[in-house]
Amino acid sequence: MPELPEVETVRRGLNQLTLNQEITGGDVLLDRTIAYPFSVGEFVNGIEKNAIATWHRRGKYLLAELSSSSGWLGVHLRMTGQLLWLHRDEPLHKHTRVRLFFGDQQELRFVDQRTFGKIWWVPPGVAVESIITGLAKLAADPFSPEFTVEYLASKLQNRRRPIKTALLDQSVVAGLGNIYADEALFKSGILPETLCIDLQLKQIEPLRTAIIQVLETSIEAGGTTFSNFLNVKGTNGNYGGVAWVYNRVGEPCRVCGTAIQRIRLAGRSSHFCSQCQTLGGVRRRD
24 MPELPEVETV RRGLNQLTLN QEITGGDVLL DRTIAYPFSV GEFVNGIEKN AIATWHRRGK
84 YLLAELSSSS GWLGVHLRMT GQLLWLHRDE PLHKHTRVRL FFGDQQELRF VDQRTFGKIW
144 WVPPGVAVES IITGLAKLAA DPFSPEFTVE YLASKLQNRR RPIKTALLDQ SVVAGLGNIY
204 ADEALFKSGI LPETLCIDLQ LKQIEPLRTA IIQVLETSIE AGGTTFSNFL NVKGTNGNYG
264 GVAWVYNRVG EPCRVCGTAI QRIRLAGRSS HFCSQCQTLG GVRRRD
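Per the numbering used here, numbering through the sequence shown is continuous, rising by one, with the last residue being 309.
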């Protein structure tokens with residue numbers, strides 16, 4: 024599933040390629056991709072003859088502000104969604120769900136193999152959070168001023184659940200997912216099954232720093248491609264080649280040489296180094 028760096032990579036690409044160009048029309052090939060409005064015709068009529076002023080990101084959501092106060096276009100890629108900027112003559116991928124047409128025979132295609140991705144048009148004068156309700160549940164973005172050590176500590180204190188599980192909760196950290204939670208825990212030296220209640224401020228501070236660092240590094244690399252992710256131009260992300268622990272089971276730790284291990288927590292895989300990561304300040308012994 025695309026996480027914050029992948030979505031941010033897409034946002035930056037969209038801002039380079041799609042701004043200030045009139046949407047001349049659209050074609051919805053899978054009706055249920057449109058989450059709002061419930062009429063496909065109303066969706067197309069709402070966005071056409073408008074231009075995109077700018078793209079924003081909130082957590083893993085993409086939000087396009089339409090020109091002339093014409094509302095918002097929202098996109099959530101979910102597990103396998105891709106937004107691709109292509110010439111109209113490019114053959115249609117069999118998993119193409121929505122096409123937005125622009126001038127010069129260009130189009131923005133939403134391709135989604137698993138069909139979990141969603142697109143919204145929020146009419147002018149309507150609060151975005153009232154239509155895209157998941158936005159109201161999001162925690163602070165890791166790159167926002169609100170994401171302080173004290174903020175993160177307040178989200179984790181008194182919680183008797185593993186820190187890895189907590190970090191995947193979008194009401195704790197917006198945009199963080201399985202890949203970068205593993206990476207941040209490695210860089211901060213914390214084992215994934217460590218209970219939040221056992222973490223002290225001196226451990227939460229490096230965790231906050233590690234979250235920001237791994238996200239910045241991945242954005243610079245264009246995100247991670249382990250399965251479906253492509254940027255707007257159809258290019259893979261490069262972070263996977265330098266990952267510390269994620270998807271490296273049995274491979275030597277890049278720091279100490281110990282084989283990377285994997286466990287399952289709440290149904291999700293967690294990757295770690297038993298020597299470089301600690302539990303309650305004590306080396307894990309297997």
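The beta carbon of each residue, even a glycine, is placed where N, CA and C say it ideally should be. All values reported here derive from a predicted model rather than from experimental measurement.
For residue i, the residue or residues it bridges with in DSSP
i	result
Glu130	Leu109 and Phe124
Ser292	Arg287
Glu45	Ala74
Asp50	Arg122
His99	Tyr84 and Lys141
Gly104	Asp135
Ala282	Pro275
For residue j and residue i, the rounded distance between their alpha carbons
i	j	result
Asp192	His99	17 Å
Trp78	Gln298	42 Å
Ala87	Pro185	35 Å
Thr258	Asn181	43 Å
Arg307	Gly212	Bear in mind that the predicted position of Arg307 carries a pLDDT of just 41, short of 50, making it unreliable; the figure below should be weighed with that in mind. Straight-line Cα distance between these residues: approximately 11 Å.
Gly167	Pro147	According to the sequence shown, residue 167 is Ser rather than Gly. Spanning the two alpha carbons is a distance of roughly 26 Å.
Pro229	Ser241	18 Å
Ala134	Leu224	In the sequence as presented, Ala is not what sits at residue 134; that position holds Val. Going by the C-alpha atoms only, they are around 43 Å apart.
Gly304	Val237	Note that Gly304 scores a pLDDT of 44, beneath 50, so its modelled location is shaky and nothing firm can be said.
Ala162	Val63	31 Å
Lys72	Asp112	22 Å
Asp309	Ile220	Bear in mind that the predicted position of Asp309 carries a pLDDT of just 38, short of 50, making it unreliable; the figure below should be weighed with that in mind. Their Cα atoms are separated by approximately 23 Å.
Asp54	Gly104	15 Å
Leu175	Val255	32 Å
Pro60	Phe66	6 Å
Pro25	Ile202	10 Å
Pro28	Thr47	30 Å
Thr188	Gly126	45 Å
Ile227	Gly36	33 Å
Pro114	Arg277	42 Å
Gly92	Glu169	Per the sequence shown, the amino acid found at residue 92 is Ser instead of Gly. Near 28 Å, if we compare the C-alpha coordinates of Glu169 and Ser92.
Glu152	Val265	37 Å
Ile154	Thr32	25 Å
Arg101	Gly246	15 Å
Arg285	Gly263	17 Å
Gln129	His118	19 Å
N- and C-terminal bounds of the alpha helix (DSSP H) containing residue i
i	result
Ser91	Premise fails: Ser91 is in no alpha helix (DSSP H) and is neither H nor E.
Thr262	First, the residue type needs correcting, since residue 262 is Tyr and not Thr in the sequence shown. Note, Tyr262: premise wrong, no alpha helix (DSSP H); not H, not E.
Ala58	Segment Ile57 to Tyr59 is the beta strand (DSSP E) holding Ala58; no alpha helix (DSSP H) there.
Ser153	Val151 to Ile154
Ile213	Counting along the chain, Ile213 falls outside any alpha helix (DSSP H), and DSSP gives it neither H nor E.
Thr32	Leu27 to Leu40
Ser177	Val172 to Leu179
Pro165	Careful: Pro165 lies outside any alpha helix (DSSP H) and carries neither H nor E.
Arg231	Leu224 to Glu243
Thr258	That residue, Thr258, is in no alpha helix (DSSP H); it is neither H nor E in DSSP.
Leu115	Note, Leu115: premise wrong, no alpha helix (DSSP H); not H, not E.
Leu190	Ile186 to Leu190
Reference residue i; option with closest CA among the options
i	options	result
Thr281	Ile234, Arg101 and Gln300	Gln300
Phe139	Arg80, Phe66, Ser90 and Ile57	Ile57
Arg137	Phe252, Gly290 and Gly264	Phe252
Leu106	Arg287, Gln226 and Arg122	Arg122
Cys296	Pro275, Leu288 and Ser194	Pro275
Ile75	Val196, Ser90 and Asn201	Ser90
Leu158	Lys83, Lys225, Pro215 and Asp205	Lys83
His110	Leu199, Leu27, Ala233 and Leu40	Leu40
Leu214	Arg287, Asp54, Leu115 and Val33	Arg287
Asp50	Asn38, Glu26, Ile142 and Thr188	Ile142
Cys279	Trp267, Glu152, Leu222 and Phe61	Trp267
Val30	Leu208, Arg285, Ser292 and Gly200	Gly200
Thr232	Ala197, Arg183 and Pro165	Pro165
Glu45	Phe170, Phe124 and Ser292	Phe124
Leu42	Ile155, Trp108 and Ser292	Trp108
Glu216	Val265, Ala150, Ser293 and Met102	Ser293
His116	Glu239, Ala150 and Leu52	Leu52
Integer-rounded CB distance, given that residue j should sit under 8 Å from residue i
i	j	result
Gly94	Val172	So it is not a contact: roughly 37 Å between Cβ atoms.
Gly97	Leu85	7 Å
Val195	Lys210	Contact doesn't hold; Cβ gap of about 18 Å is too wide.
Asn261	Ala244	4 Å
Ile283	Gly273	7 Å
Arg80	Arg120	No, Arg80 and Arg120 are not in contact; Cβ-Cβ is about 21 Å, not under 8 Å.
Leu190	Ala204	4 Å
Ile234	Ala207	4 Å
Arg183	Leu218	6 Å
Start-to-end residues for the beta strand (DSSP E) that takes in residue i
i	result
Lys141	Lys141 to Val145
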